[in-house]
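What follows is one structure encoded as C-alpha cells, with my remarks underneath.
Number of protein chains: 2
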Amino acid sequence: MTVVLAVDDDAAILRTLGIAMRARGYEVETVADGRSALQSLTERVPDVVLLDLGLPDLDGTQVLRRIRETSQVPVVVLSARHESDDKVEALDLGADDYVTKPFGMEELLARVRAALRRAAPSRAPVVTVGDLVLDVEDRRATRAGEPVHLTPTEWKIVEVLARAEGRLVRQTTLLTEVWGPTYERETHYLRVYLAQLRRKLEDDPAHPRMLITDPGLGYRLLSDLS
Amino acid sequence: MTVVLAVDDDAAILRTLGIAMRARGYEVETVADGRSALQSLTERVPDVVLLDLGLPDLDGTQVLRRIRETSQVPVVVLSARHESDDKVEALDLGADDYVTKPFGMEELLARVRAALRRAAPSRAPVVTVGDLVLDVEDRRATRAGEPVHLTPTEWKIVEVLARAEGRLVRQTTLLTEVWGPTYERETHYLRVYLAQLRRKLEDDPAHPRMLITDPGLGYRLLSDLS
DNA sequence: ACGCGTCTTGACGCGATCTTGACGCCCAGC
DNA sequence: GCTGGGCGTCAAGATCGCGTCAAGACGCGT
Chain A
141 MTVVLAVDDD AAILRTLGIA MRARGYEVET VADGRSALQS LTERVPDVVL LDLGLPDLDG
201 TQVLRRIRET SQVPVVVLSA RHESDDKVEA LDLGADDYVT KPFGMEELLA RVRAALRRAA
261 PSRAPVVTVG DLVLDVEDRR ATRAGEPVHL TPTEWKIVEV LARAEGRLVR QTTLLTEVWG
321 PTYERETHYL RVYLAQLRRK LEDDPAHPRM LITDPGLGYR LLSDLS
Chain B
141 MTVVLAVDDD AAILRTLGIA MRARGYEVET VADGRSALQS LTERVPDVVL LDLGLPDLDG
201 TQVLRRIRET SQVPVVVLSA RHESDDKVEA LDLGADDYVT KPFGMEELLA RVRAALRRAA
261 PSRAPVVTVG DLVLDVEDRR ATRAGEPVHL TPTEWKIVEV LARAEGRLVR QTTLLTEVWG
321 PTYERETHYL RVYLAQLRRK LEDDPAHPRM LITDPGLGYR LLSDLS
C-alpha cells in the first residue's frame, strides 16, 4: 500500500486531495500544520509527501528543511506563490517537484506518480519455494541457506517452474520458453536437465519431492508446504 | 563534468540554454531533432536530457519512449503546450519533470539541479578484501600498505562493481557504463580487463576471491562485508 | 619526432556447459 | 509374459564462453 502524507492548512484542498488519491488506491494521511507533519513523519514514513508552503505555524521551507535532515522521502511542494525565487528555493532545499495552485488534479497525480516511480528502487523479485530461494535479479539460488550453483539453462527452467507456483507447466511450454519454439519436441532435453536439477536440489533425487513429473504432460515445482 | 543534452528545434532557445548552462559549469550538447538526440545517446549518455516535445522529425513523446527503452537518464520535458493531458502523458512515459514555455531560466536550472540530485549515484564505498583496500572516491588502491596503480579504465570498472556492493553487474551494464552504449557487445574487453585487475588485486589470479565471474551474465565484486 | 603508458585487437587453450545417443526401468495394454 | 511408450540415467563428443598472452595502434607529454 502506497502511503501519502498531505500537508495543507486549507481543509477544502485536503479533502479534495484525499478523495482523489484514495480513489486511486493510495492511503492518505492529512495534517493541517507543520508540527503535525513532522510529528507524523516520526511515526510513519510515507512514500511521498505533498507539502503546502503556506502553513499557519512553521514556514513550509522550514518543514522541508527538517524533513531533509533525516529523510530522502520524495516531497512535492504545493504553493500559491508563482515567483521563480520561491520555486528555486524549494527545489534547492530538496523538493522533488513544485506545483503552483490552482493545479489540475490529473497533473498533480501524474507528478506524484513520477516521484514515486523514481524513488522505487525496482526491487529484486525473489521467489521462494519451500526452503529454496531464487533471487532472480541477482541470479542466485540458495537451498536451506546453502548456495546452489545452477547453469544458465538450469536456471531458466527453475525460473519458469517457480513462476507457475506449483501449477503444471507443459513440456512444450518449458521447451519454448527455455530453448525457443523450434525445440518444442525435444522432450529429451527436459529429462536430462530435470535429472540434473534433482541431483542439485532434492534430498533424494530418486524420489523427488519438489520437481514432480506429470507423465506425458509436463513438470511442476512443489514447495514443501503445498 | 556534468553533461547535459539539450534537444530543441528552436535555435534561439538552444543558444540561450547553452549559454546559461555553460556559465554554470555544465558541458552542453545541443541537437535540433529527435534522430540526432537518439543518435547522440548511443554515443554518450548525458547526466540529464532537456527535451522539447515539438520536434520537426519525431514526436517528442516518441523520443522519450525510445530513451526509456534503454536508459534511466533523467529527462526534463520542455513544451509550449499547457494542457494537462500533455503533461500527464509525458510524465507517465517516464519524464522526470515538465516545464512549460516560456519558462524562467532560474526555475529551469533549479529543476535540472533537482533532477541531477535525485539521480546522483550513491557513493561508492571503500571496499576491503583481506589486506586490499580500494578507495574508489579517492582513486587509491593499496595492498598490504603498498600502493597499487590502476589505469583509468580499470578504475571505472572497479567503481561500477563497487557500487553494486556484491550484487551481479551484467556485462552489458559494465560495457555501457565504462565504454558507452555502442560497446554493449564487446565482451572481450571485459575478459582482458578483468584478467588485468585480477593480476593486480588478487593473491592468486587463477582462483579469484573478489572479482567473481558469472559466466554468460557478468561479474561481481565481493568484499569482506558482502 | 620520440618514448611511454594505455587501449584495442587477434589467436589460442581450457574448462564448463550443452547436445546427443545408448540403455534400462516402470507401467499399461495386450 | 511380452511389448511399447515415456521416463531417468549415464557418458562421450561438440560447442561455448572465459582467461591468457602478446602484438600493434593510439594518445599524450616532452
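Those protein sequence lines, which keep their order, are chains A and B.
According to my numbering, the stretch in the first sequence is residues 141 to 366, in order.
According to my numbering, the stretch in the second sequence is residues 141 to 366, in order.
We treat Cβ as the ideally placed atom computed from N, Cα and C, and that holds for glycine.
query                                                                                                                   : result
G285/A (DSSP reduced to helix, strand or coil)                                                                          : coil
Endpoints, the alpha helix (DSSP H) within which D173/B is located                                                      : It is not in any alpha helix (DSSP H) - D173/B carries neither H nor E in the DSSP assignment.
Bounding residues of the alpha helix (DSSP H) (the contiguous stretch that carries G200/B)                              : G200 to T210
For V252/B, the first and last residue of its enclosing alpha helix (DSSP H)                                            : M245 to A259
Contact with chain B by R279/A, beta-carbon distance below 8 Å                                                          : yes
Closest residue to Q202/A among L231/A, V185/A, S224/A and R184/A (Cα-Cα distance)                                      : L231/A
Short CB-CB distance (under 8 Å) between L315/B and chain A                                                             : no
C-beta contact flag for A302/B and L290/B at 8 Å                                                                        : no
For R155/B and D226/B, the rounded distance between their alpha carbons                                                 : 25 Å
Nonlocal neighbours in the same chain, by C-beta distance under 7 Å from T293/B, ignoring five residues either side     : V318 and Y333
Chain A residues whose Cβ lies nearer than 8 Å to that of G165/B                                                        : Residues of chain A passing the Cβ test: none, with the nearest at roughly 16 Å.
Test item: CB-CB of L351/A and E342/A under 8 Å                                                                         : yes
Beta-carbon spacing of V276/B, V298/B below 8 Å                                                                         : yes
Residue ranges of each alpha helix (DSSP H) within the stretch 280 to 360 of chain A, 4 or longer                       : 292 to 303, 311 to 318 and 327 to 341
Interface residues of chain A facing V228/B [CB-CB closer than 7 Å]                                                     : E246, E247 and A250
Proximity below 8 Å, CB of L248/A to CB of R164/A                                                                       : no
Residue span of the alpha helix (DSSP H) that contains T156/A, given as start and end                                   : A151 to A163
Of the residues V188/A, S219/A and G234/A, the one placed nearest E209/A, counting alpha carbons only                   : G234/A
Pair within 8 Å by beta-carbon distance, V216/B and A255/B                                                              : yes
Near-chain A residues of the stretch 347 to 358 of chain B (beta-carbon distance less than 7 Å), N- to C-terminal order : D354, G356 and L357
Contacts of S224/A in chain B (Cβ-Cβ under 7 Å)                                                                         : G244, E246 and E247
In DSSP terms, what T240/B is bridged to                                                                                : S219/B
Assigned secondary structure, V228/B (DSSP; H/G/I helix, E/B strand, else coil)                                         : helix
Presumed contact (8 Å Cβ cut-off) between L243/A and L218/A, rounded CB distance                                        : It is Phe, not Leu, that sits at residue 243/A in the sequence shown. Yes, F243/A and L218/A are in contact; Cβ-Cβ is about 7 Å, under 8 Å.
Beta-bridge partners of L266/B, as assigned by DSSP                                                                     : Here the sequence assigns Val to residue 266/B, which means Leu is not the residue at that position. Bridge partners of V266/B: D275/B.
Pairwise C-alpha distance: L191/B and D187/A                                                                            : 28 Å
As assigned by DSSP and simplified to three states, the class of L181/B                                                 : helix
Closest residue to A279/A among L308/B, H222/B and L337/B (Cα-Cα distance)                                              : Before going on, a small fix: residue 279/A reads as Arg here, not Ala. That would be L308/B, whose Cα lies nearest to the Cα of R279/A.
Length of the line joining the Cα atoms of T339/A and H347/B                                                            : Residue 339/A is actually Arg in this sequence, not Thr. Their Cα atoms are separated by approximately 26 Å.
Below-8 Å beta-carbon distance, R208/B vs any chain A residue                                                           : no
Neighbour-count burial assignment, E304/B, 16 or more Cβ in a 10 Å radius                                               : For the sequence presented, residue 304/B should be read as Ala rather than Glu. Counting Cβ neighbours within 10 Å, A304/B comes out buried, since at least 16 surround it.
Nonlocal neighbours in the same chain, by C-beta distance under 6 Å from M245/A, ignoring five residues either side     : A160
CB contact below 8 Å: D187/A versus chain B                                                                             : no
Residues near V300/B in its chain [Cβ-Cβ closer than 8 Å; skip 5 each side]                                             : V309, T313, L314, E317 and V318
First and last residue of the uninterrupted beta strand (DSSP E) at L145/A                                              : V143 to V147
Buried/exposed call for P214/B, threshold 16 Cβ in 10 Å                                                                 : buried
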